[in-house]
Amino acid sequence: MSKRFYLTTAIDYVNGKPHLGHAYEKVVADVIARAHRSLGQETFFLTGLDEHGQKVQQAALAEGKTPQAYCDEMAAAFEGLAARLGCTNNDFVRTTQPRHKQVVQQILSELYTQGHLYKAIYEGFYSAKEETFLTDKDRRADGTFDPFYGEVVRLQEENYYFKLKDHQQWLIDYLEQNPSFVYPEFRRNEVLGFLKNNILEDLCITRPAARLNWGIPLPFDPDYVTYVWFDALNNYISIPAAQGDPGVPPAFAPKGMTSTGSLSLWPADLHIIGKDILKFHSVYWPILLKAMGAPLPKKILVHGWWQKDGQKMSKSTGNVVDPLAVIDEWGVDAFRFYVIRELDIGPDGNWTDAGFRARYSAELANGLGNLVNRSLSMLKRYRNGIIPRPSNELAPDAERVISETSDLLENNRLQAALQAIWSLITRANQYVDHTAPFKLAKDQAQAERLDEVLYNLAEVCRILAVLLWPFLPETASKIYAQLGLAGLPDKAHLSRWGGLAAGHAIGTPAPLFPRKESPAEERK
Ligand code: MSP
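Residue numbers (the working numbering): 248 to 771.
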């Protein structure tokens, strides 16, 4: 069986409700997954949850629940969000699942046996809030630690370490020889800059069970549990391993399992993450994989962070965008559209409610919605909903956009792909204005011209459904249904010009994006 295109998101912490940042990353991944499937590539999309660690233990305690009961409740909320977003993930990993824990323990045993781990005493600073050790280098100019770290205490503790620093030069060489490993390029430069200007410390990969027991026990020393990042990063390979993936080194397959070869995933083709966890993914993870003797993922796609109204979203200021509330009010595709159209993958973005409404109204209601509605309504009114003889006046415009969109999608340039698609919408709306079918309809001598115009418009609507499928699946399906077409517009080859046959009867036109009154009008 051939290897699938395997893409992942970061796995979310469960110590708070899902928010815009979590939803954004899933939409990015889902658009890419759908685009690959649409091109006929077998695809496996993994997302899930990072459930261990001190913060979860504390959050559970604060609610008087066991950590597992707390995680189960949060997992329902996060899985619910993925479903509401229309995510087509093939699996949902939870780091508390036995299938994950078992593989992590095997990786630990294997690394320990091979001498990649050692035990040592650490004496220094520790931030309980961030569950991390700090050094003097982390102090600010005035000698204090950033309040982000909460209370920082001195600590003496024995732990297990992974030999990270032995591989520093190898990683620098790897990043230099594989310029596409981290995208966008400025993020790759950031990693290289960090590696060239700092000496890597070995990575502490445990916490004493006496201090933290909500974690995976070390198979060779039950007095310790695995540090969250070691646990979490391995989800990307534990799920393939648990399914018998032949791409995972056999030492990590669950005991007694022999590869069936039926699901070939590893190495991952794409890890999608936010900028704050770049170091974990582009430094720790590749080195860990190298030590494990496993091939490296092909690419790490790093997106920026959303702010709300120019400020960091935070529970304390109450300016958190709740994706579910937006979806309830505006529909899932309006949410998917806004986040992808507004923010290119790379820089930070800013959510404003006014910006959201403006895009909804200009691009969805007046742009796409109006085009489809008036094209199909005119076809219904003037030709009884029957597709006329094919004509290809707009074919060159459509073909240009189809090819641009496919190139852009191949390079994960999602925002630019939407812009390309919208250039076809704008072109078709202008075509309506220039050809004025409502005038042609009044003149019997123009009947043939009206046929041509109506065909071009209906065919552009059909092609738009195919192009929009990865981004706005619900809308794309509605356009197909209104065109009276069976099945889904989920295959890129369907976008070839001329798919609508003369004599085909369309369905019933209905507005795709109902116009909403602005808050000022609502108050009147
Ligand atoms: N559990 C770790 C990831 C482990 S991956 C092996 C974690 N979880 S998180 O819940 O804090 O973040 C999950 C993802 O959401 C990360 O990629 C993070 O960058 C992203 N976002 C969290 N807040 C965000 C915004 N405000 N904007 C965009 N994405 C953000 O980190």
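Idealized CB from N, CA, C, for every residue including glycine.
| Query | Result |
| --- | --- |
| Per DSSP, what are the beta-bridge partners of Phe409 in this structure? | Leu364, Leu450 |
| Buried or exposed: where does Met321 fall if 16 or more other Cβ atoms within 10 Å of its Cβ makes it buried? | buried |
| Are Trp476 and His299 touching if we call contact CB-CB under 8 Å? | no |
| With DSSP as the reference, please indicate the residues paired to Lys555 in a beta bridge. | Gln558, Trp598 |
| With DSSP as the reference, label Gly287 as helix, strand or coil. | coil |
| Looking at the structure shown, is Leu548 part of a helix, part of a strand, or coil, going by DSSP? | strand |
| Is Gln490 buried or exposed, if buried means 16 or more other CB atoms sit within 10 Å of its CB? | buried |
| Report the CB separation of Leu661 from Ile592 in whole angstroms; it is logged as a contact under 8 Å. | 7 Å |
| Going by CA-CA distance only, name the one from Arg331, Glu405, Pro314, Lys366 that's closest to Thr342. | Pro314 |
| Report the start-end ranges of each alpha helix (DSSP H) in the segment 341 to 397 that is 4 residues or longer and not cut off at the edges. | 345 to 360 |
| Is Leu267 near the ligand MSP, going by C-beta to nearest heavy atom under 7 Å? | yes |
| Using the Cβ count rule (16 or more neighbours within 10 Å means buried), how would you classify Asp478? | buried |
| Can you give me the Cβ contacts of Pro469 inside the same chain, cut-off strictly under 8 Å, excluding the 5 residues immediately before and after it? | Ala456 |
| Can you tell me whether Glu272 sits near the ligand MSP, meaning its C-beta is under 7 Å from at least one heavy atom of the ligand? | yes |
| Would the beta-carbon of Asn482 be found less than 7 Å away from any heavy atom of the ligand MSP? | yes |
| Pick helix, strand or coil for Glu310, following the three-state DSSP scheme. | coil |
| What residues match up with Phe292 in a beta bridge as DSSP calls it? | Leu254 |
| Which residues share a DSSP beta bridge with Val707? | For Val707, which the question treats as bridged, DSSP gives no partner whatsoever. |
| Give the secondary structure of Gln403 by DSSP, where H, G and I count as helix, E and B as strand, and everything else as coil. | strand |
| Could you tell me if Ala367 is buried or exposed, where buried requires 16 or more neighbouring beta carbons within 10 angstroms of its beta carbon? | exposed |
| Take the Cβ of Ser563 as the centre, count every other Cβ of all protein chains shown within 10 Å, and call the residue buried at 16 or more, exposed below. | exposed |
| Name the two residues that bound the continuous alpha helix (DSSP H) containing Val579. | 579 to 589 |
| Which residues in the same chain as Leu422 place their Cβ atom closer than 8 Å to its Cβ, once the five residues preceding and following it in sequence are excluded? | Phe428, Val429, Arg435, Val438, Leu439, Leu442, Ser529 |
| Is Val274 buried or exposed, if buried means 16 or more other CB atoms sit within 10 Å of its CB? | buried |
| Helix, strand or coil for Val495? Go by DSSP, reduced to three states. | coil |
| Assuming contact is defined by CB atoms lying nearer than 8 Å, are Leu797 and Tyr678 in contact in what I supplied? | Outside the modelled stretch of the chain, which goes from 248 to 771, sits residue 797, for which no answer is possible. |
| When you measure from the CB of Asp259 to every non-hydrogen atom of the ligand MSP, does any distance come out below 7 Å? | yes |
| Report the partner residues of Val429 according to the DSSP bridge assignment. | Ile547 |
| Within a Cβ cutoff of 8 Å, which residues of the same chain sit near Ile587, ignoring the five residues on either side of it in sequence? | Val274, Val275, Val278, Leu661, Gln662, Leu665, Phe718 |
| CB-CB under 7 Å to Val351, same chain, minus the five flanking residues each way: which ones, in chain order? | Ile463, Thr473, Asp478, Asn481, Ser485 |
| Of all the options Glu695, Leu571, Leu355, Thr755, which has the alpha carbon lying nearest to the alpha carbon of Ala498? | Leu355 |
| Taking 7 Å as the cut-off, does the CB of Ala712 come closer than this to any heavy atom belonging to the ligand MSP? | no |
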